[in-house]
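J.: Residue numbers (this note's numbering): 14 to 323.
Even glycine gets a Cβ: it sits at the ideal position worked out from N, Cα and C.
Being a predicted model, the structure only gives us computed values, none of them experimental.
Here you go:
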């Protein structure tokens, strides 16, 4: 099955919000569902992950009357970093509690730490009724670096392979290649930027990063000519430069920064993402109208938005 579909499940930053003023864009934190060929890839595990898990569990139950006849759930989860708004939904991801589930989680933390240990400390034990080791499903947690890529092939477990950041990799017609690099434009330990390549199309996920004067050259080189970039846009320029509560140094971009980035790397399409939780539907609609003329190739993410790259 050849498909490269993206579905937005949570588009907020910082913390989830709820209420009648947040219905159009949604209030869940960061989570993007990607279907590339036969592979399910999930970008970040904010509260938007909970709905993904509920739907997967329903499909699993409907796939067979007997447990042994059901189609197992397999997923790759790519964590940009481990701030709360990017992992809040992880413990409530229902497929983790099904024995046949296989979930491979990738991310990166400090050099002397492991992602597994950090998730065990942050999400389980004292903050959740279960320990990490009590999870019924097959949960595999991996550290990934920018010198490595993840190769996904049909009917095979994911493979981490050595990769050069600036070298095109030869992959099979049905293979999915995931590459990444660490940006330090987000406190305190930086953030992982991911690129997913399938059938000659590329998706770049660049959340929780601040831009630089003249643009982020490393991101431009990494994402050049991509088909779609999902880019952090937590603030308007006015809020970012507020002299009383300046947002400079918070590790987040403005809508203008995201547009400038898209132009520099010549991405075909830009999706604004990771909005400040104070931005309600009215404010985001005002922003949408403003950027229709500034950059017609950009759109605002909302929960349920689907994009097909093939």
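Applying the criterion that 16 or more other CB atoms from any shown protein chain within 10 Å of the CB defines a buried residue, is residue 192 buried or exposed?
T.: Sequence index remark: in the chain shown, residue 192 carries index 179 (1-based). Buried: at least 16 other Cβ atoms inside 10 Å.
J.: Following the continuous alpha helix (DSSP H) through residue 63, name the residue where it begins and the one where it ends.
T.: Indexing the chain shown from 1 puts residue 63 at position 50. 61-75 is the extent of the alpha helix (DSSP H) around residue 63.
J.: Which whole runs of the alpha helix (DSSP H) in the segment 178-263 are 4 residues long or more, in chain order?
T.: 230-236, 250-253
J.: Between 92, 297, 264, 58, which has its C-alpha nearest residue 207's C-alpha?
T.: By one-based count along the chain shown, residue 207 stands at place 194. The shortest Cα separation from residue 207 among 92, 297, 264, 58 belongs to 92.
J.: Looking at C-alpha atoms only, which residue of 268, 298, 202 is the closest neighbour of residue 95?
T.: Locating residue 95 in the chain shown gives position 82, counting from the first residue. It is 202 whose Cα lies nearest to the Cα of residue 95.
J.: Go through its chain and collect everything with a Cβ distance to residue 270's Cβ below 6 Å, but skip five positions before and after it.
T.: The residue labelled residue 270 in the question sits at position 257 within the chain shown. So the list reads 224, once near-sequence residues are dropped.
J.: Following the continuous beta strand (DSSP E) through residue 117, name the residue where it begins and the one where it ends.
T.: For the purposes of this step, residue 117 is taken as residue 104 along the chain shown, with counting starting at 1. Segment 115-120, the beta strand (DSSP E) holding residue 117.
J.: Could you tell me the distance, in whole angstroms, from the CA atom of residue 53 to the CA atom of residue 312?
T.: Translated into positions along the chain shown, residue 53 becomes position 40. Translated into positions along the chain shown, residue 312 becomes position 299. One C-alpha to the other measures close to 24 Å.
J.: Could you check what DSSP says for residue 308 in three-state terms: helix, strand or coil?
T.: Within the chain shown, numbered from 1, the residue matching residue 308 stands at position 295. Reduced to three states, the DSSP call for residue 308 is coil.
J.: Below 8 Å, can you find three or more Cβ-Cβ pairs linking the segment 101-118 to the segment 212-229?
T.: no
J.: When DSSP labels each residue in this structure, what does residue 123 get in the three-state scheme?
T.: On the chain shown, position 110 is the one that residue 123 refers to. In this structure, residue 123 counts as coil in the three-state DSSP scheme.
J.: What did DSSP end up calling residue 300 once you bin it into helix, strand or coil?
T.: As a working mapping, residue 300 is identified with position 287 in the chain shown. Here residue 300 sits in helix by DSSP.
J.: Within 10 angstroms of its Cβ, does residue 257 collect 16 or more other Cβ (buried), or is it exposed?
T.: Against the chain shown, residue 257 aligns to sequence position 244. Counting Cβ neighbours within 10 Å, residue 257 comes out exposed, since fewer than 16 surround it.
J.: Name the two residues that bound the continuous beta strand (DSSP E) containing residue 17.
T.: Position 4 of the chain shown, counted from the start, is the residue given in the question as residue 17. 17-23 is the span of the beta strand (DSSP E), which, as asked, contains residue 17.
J.: Residue range of the beta strand (DSSP E) that residue 49 falls in?
T.: Within the chain shown, residue 49 is the residue found at index 36, counting from 1. Here the beta strand (DSSP E) through residue 49 covers 44-49.
J.: When you compare only the Cα positions, how much space is there between residue 127 and residue 294?
T.: Reading the chain shown from its first residue, position 114 is the one you call residue 127. Reading the chain shown from its first residue, position 281 is the one you call residue 294. Roughly 39 Å between the two C-alpha positions.
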